[in-house]
Structure formats: structure tokens, C-alpha cells
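Numbering of the sequence shown is given in the numbering used here, commencing with residue 34 and proceeding in unit increments.
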Amino acid sequence: MLEKDSRISIEESSIRRNHGTLYKIVVEQPGGKPFEFGTGIEEAEARQYIAALLRQMRE
């Protein structure tokens, strides 16, 4: 379950593919260590859609 005020963001990844920048979706966790995923999602619209879905899932 996502915390109500969890920050959900799209950030630049340290991983590069074909000299391009990849991005990841980052979700803050109560314990302090963020949950990061989606590094392989190249399309900006897809990343934004996933982040929006996660924001809707927050309590």
C-alpha cells in the first residue's frame, strides 16, 4: 500500500542505453529507502502514465 503523502517522481537513472538517458520511477517509503523501478521504460508518456496510476493508488 502506498502512503497517502508518498512522493512519486520520475528521475534520471544512472544507467545509460545507446548513449541515451534512461529514467526511473521513484516512490518514497516510510522507512526512508525509496523504491525505484521502471528503468527500461523509454517512452516519456508511458513513464508519466505509470506515475499517475501510482499517485491514484495512494491511500
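Each residue gets a CB set at the ideal place from its N, CA and C atoms; glycine is no exception.
Residue environment for K37: exposed (fewer than 16 other C-beta atoms within 10 angstroms of its C-beta). In this structure, the straight-line span from the alpha carbon of M90 to that of R50 is close to 30 Å. Distance between F68 and G53, taken at the CA atoms: about 23 Å.
Secondary-structure assignment with DSSP links R50 through a beta bridge to G53. Taking the C-beta atoms as reference points, S39 is found nearer than 7 Å to V60.
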